[in-house]
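Just below is one structure, and these are the notes that go with it.
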Amino acid sequence: MNVFRLAGDMMHLLSIVVLLLKITGIKSCRGISLKTQELYLLVFITRYLDIFTNFVSLYNTVMKLVFLGTSSAIVYYMRYDRIIKLTYDKEQDTFKYLLLVAPSAVLALATSHVYTVLEVLWTFSIYLEAVAIMPQLVLLQRTQNIDNLTGNYVFLLGSYRGLYILNWIYRFFTEKHYRQWLVWTCGVVQTIIYCDFFYYYFLSWQNNEKLALPA
Amino acid sequence: SAPSPAKDEL
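So the protein sequences, as listed, match chains V and Z.
FYI, the numbering used here numbers position 199 of the first sequence as 199, with every residue one higher than the one before it.
Going from the second sequence to the numbering used here is simple: count from 1 and add 1000.
Rendered as structure tokens:
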């Protein structure tokens, strides 16, 4: 494992910690899209079905369990915690699941490497992860007074994707037979989706102003 | 068959 991959994973982990801190600490999930969180849970479930059959390393197994556990907890808090669920912006979080899930499913069926249930679901998870942030970005646009934790959450998540691209570039030049067009394409698409957000994030940071995305 | 995409990332 190279330093970019490790840093990327740590950013991912940190983004989840920041989100959980916000949700449990201030008992509010204001500005957080439940749809994006549920899509991430679906991404992790469909991707990590091989958790007990395909052992790579203790690190990988532990991280998979952590991602499954924390994303379940986040969805649970937002849906069922009697205080936290009151702070969810349900009326604003209107992005349609089907708009993201259906194309991902069709593409997975059309492009899967082999046609086994595990492989098709894994491919589906790669496509879905690329677009799962979209409900969150739309909600962010509609949210007035985005708090720091929410802004930092999305920033950390975007950084994780950016670092994974550096990881792939590094692996491309250091490993033989490291050719993963599907993963690379989806990863680049996913990172491009964040570009607009990054622009306004840095702008607000530079001007020392509160983050606001133009509608 | 062609090599399966690497599943060593998260």
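Using N, Cα and C, we set each Cβ at its ideal position, and we do this for glycine too.
- Task: Could you give the DSSP three-state label for Asp9 (chain V): helix, strand or coil?
- Result: DSSP places Asp9 (chain V) in helix when its eight states are reduced to three.
- Query: In its own chain, which residues sit with a C-beta less than 8 Å from the C-beta of Tyr248 (chain V), not counting the 5 before and 5 after it?
  - Reply: Nothing about residue 248 (chain V) can be reported from this structure: the residues present for chain V run from 1 to 215 only.
- Message: My assumption, with CB atoms under 8 Å, is that Ile235 (chain V) sits in contact with Met134 (chain V). Please give the rounded CB distance.
- Response: The structure shown does not extend to residue 235 (chain V), since chain V spans only 1 to 215, so no value can be given for it.
- Could you work out which residue in V:Ala7, V:Lys64, V:Arg79 and V:Cys195 is closest to Gln37 (chain V) when comparing CA atoms only? V:Arg79
- Verify the CB distance criterion: does Met63 (chain V) have a CB-CB separation below 7 Å to chain C? Among the chains of the structure shown, chain C does not appear; the protein chains present are V and Z.
- Amino acids of chain Z, ordered along the chain, whose beta-carbon sits closer than 9 Å to that of Arg142 (chain V): Taking the beta carbon of Arg142 (chain V) as reference, no residue of chain Z falls within 9 Å; the closest one sits roughly 31 Å away.
- Message: Using the Cβ count rule (16 or more neighbours within 10 Å means buried), how would you classify Thr191 (chain V)?
- Response: buried
- Item | Euclidean distance between Cα positions of Tyr178 (chain V) and His12 (chain V) | So the two alpha carbons sit approximately 23 Å from each other.
- From Gln172 (chain V) to Thr87 (chain V), what distance separates their C-alpha atoms? It is worth fixing the name first, because residue 172 (chain V) is Phe in this sequence and not Gln. The straight-line gap from Cα to Cα measures roughly 45 Å.
- For Asn60 (chain V), which residues in chain Z fall below 8 Å Cβ to Cβ? Going along chain Z in sequence order, the residues near Asn60 (chain V) (Cβ under 8 Å) are Asp1008 and Leu1010.
- Task: Taking C-beta pairs closer than 8 Å, name the residues in chain Z that Val56 (chain V) reaches, listed in chain order.
- Result: Lys1007 and Asp1008
- What residue from V:Ser71, V:Ile74, V:Val183 and V:Gln144 has the CA that sits closest to Ala215 (chain V)'s CA? V:Gln144
- Message: Considering only the alpha carbon of each residue, which of V:Val138, V:Arg5 and V:Asp147 lies closest to Asp93 (chain V)?
- Response: V:Val138
- Tell me whether Ala1002 (chain Z) sits in a helix, a strand or coil according to DSSP, three-state version. With a pLDDT of 45 at Ala1002 (chain Z), under the threshold of 50, the predicted position of this residue should be treated as unreliable, though the coordinate-derived value follows. It is coil, neither helix nor strand.
- Within chain Z, the residues that Asp50 (chain V) reaches when beta carbons sit closer than 8 Å: Lys1007
- Query: Going straight from the alpha carbon of Ala212 (chain V) to that of Arg30 (chain V), what length do you get?
  - Reply: 15 Å
- Task: Alpha carbon to alpha carbon, how far is Glu91 (chain V) from Asp9 (chain V)? Give it in angstroms, no decimals.
- Result: The alpha-carbon atoms of Asp9 (chain V) and Glu91 (chain V) are separated by roughly 32 Å.
- Is Ser125 (chain V) helix, strand or coil when you go by DSSP? helix
- If you run the structure through DSSP and keep just helix, strand and coil, what is Ser204 (chain V)? Residue state for Ser204 (chain V) is assigned as helix, using DSSP reduced to three classes.
- Message: At the level of alpha carbons, what is the spacing between Arg161 (chain V) and Arg5 (chain V)?
- Response: 10 Å
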